[in-house]
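Following: one structure in structure tokens, then a few remarks.
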């Protein structure tokens, strides 16, 4: 589906294929040139200014869940370490 859209987007500049017996073939050099142009347009140096610094997450005593998310998913049980179990795993 991606190639179908790229072929129809004239502004993108995707190379036209050679059609042989109903099959599409691209020249490797044309695809490399297309990749190089796209890479130059979306270089990481242009995009990194918009990426915020990662923020530390504070964890609560609720099973190691982040603050504000202290409720486990439905059907899950969260126990504090040592609570509700004798550690024996038996009777």
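Numbering (the working numbering), first residue to last: 415 to 505. Backbone N, C-alpha and C fix where the C-beta goes; we use that ideal spot for every residue, glycine too.
Alpha carbon of residue i to alpha carbon of residue j, nearest angstrom
i, j, result
"residue 421", "residue 441", "15 Å"
"residue 431", "residue 465", "37 Å"
"residue 448", "residue 429", "7 Å"
"residue 435", "residue 469", "56 Å"
"residue 423", "residue 417", "10 Å"
"residue 437", "residue 415", "15 Å"
"residue 454", "residue 439", "25 Å"
Beta-bridge pairing of residue i - partner residues as DSSP gives them
i, result
"residue 422", "DSSP output for residue 422 lists no bridge partner at all."
"residue 433", "438"
Own chain, CB closer than 7 Å to residue i, minus 5 neighbours either side, in chain order
i, result
"residue 444", "429"
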